[in-house]
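Colleague: Please see the structure below; I have some questions.
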Amino acid sequence: MKRGTGASVVRTSRIPIAGGELEYSVTGRADAPVLLLLADETKLPDEAQRTFCREAAVRYQHAVPQAKVRMIPDSLHLLMVTHPQETVKAIDEFLHS
């Protein structure tokens with residue numbers, strides 16, 4: 001995996017959620033490889049939660065454009081616990097791509 005010498009960045013975003021906003025910051029190197037590994041949103045109990053997760057992933061991708069996104073099918077929030085083999089495989093593929 002190649003790493004560049006890009007400048008450090010901090011991006012702060014706000015996500016509107018029911019009853020307010022969630023504020024988060026993304027800090028790191030502008031050119032560092034990033035894997036965004038997601039649980040399966042279809043396993044969430046309601047559409048509001050599914051929408052929140054989709055929007056959060058899109059906003060993260062906007063803040064960190066070099067991020068590669070993978071979803072582990074049939075996994076839940078703690079995908080490294082519920083699907084350890086699939087999680088390790090996804091990380092291994094990312095590290096060797």
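In the numbering used here, the protein residues as written are 1 to 97. Even glycine gets a Cβ: it sits at the ideal position worked out from N, Cα and C.
Assuming the contact rule is C-beta atoms closer than 8 Å, V64 and V34 should be a hit. Round their C-beta distance to whole Å, please.
Modeller: Position 64 of the sequence shown holds residue 64. Position 34 of the sequence shown holds residue 34. Contact flag correct, Cβ pair sits at about 5 Å.
Colleague: Less than 8 Å separating the beta-carbons of D31 and Q66?
Modeller: Walking along the sequence shown from the start, residue 31 turns up at place 31. Walking along the sequence shown from the start, residue 66 turns up at place 66. Closer than 8 Å, so yes.
Colleague: Please work out which residues of its chain come closer than 6 Å, Cβ to Cβ, to R70, disregarding the five sequence neighbours upstream and downstream, and give them in chain order.
Modeller: Residue numbering aside, residue 70 sits at position 70 when the sequence shown is read from its first letter. Only L37, A90 meet the Cβ criterion.
Colleague: What separation, rounded to the nearest whole angstrom, lies between the Cα atoms of H77 and S97?
Modeller: Position 77 of the sequence shown, counted from the first residue, corresponds to residue 77. Position 97 of the sequence shown, counted from the first residue, corresponds to residue 97. About 25 Å.
Colleague: Measuring only the C-alpha atoms, how far is L44 from D92?
Modeller: Taking the first residue of the sequence shown as 1, we reach residue 44 at position 44. Taking the first residue of the sequence shown as 1, we reach residue 92 at position 92. Their Cα atoms are separated by approximately 26 Å.
Colleague: Measure the alpha-carbon distance for T51 versus H83 and round it to whole angstroms.
Modeller: Numbered from 1 along the sequence shown, position 51 holds the residue referred to as residue 51. Numbered from 1 along the sequence shown, position 83 holds the residue referred to as residue 83. Their Cα atoms are separated by approximately 23 Å.
Colleague: Would you mind sorting L79 into buried or exposed? The rule is 16 or more other CB atoms within 10 Å of its CB.
Modeller: Counted from its first residue, the sequence shown places residue 79 at position 79. Buried is the call here.
Colleague: Can you tell me whether DSSP reads L78 as helix, strand or coil?
Modeller: Here residue 78 corresponds to residue number 78 of the sequence shown, with the count starting at 1. The answer is coil: DSSP assigns L78 none of H, G, I, E or B.
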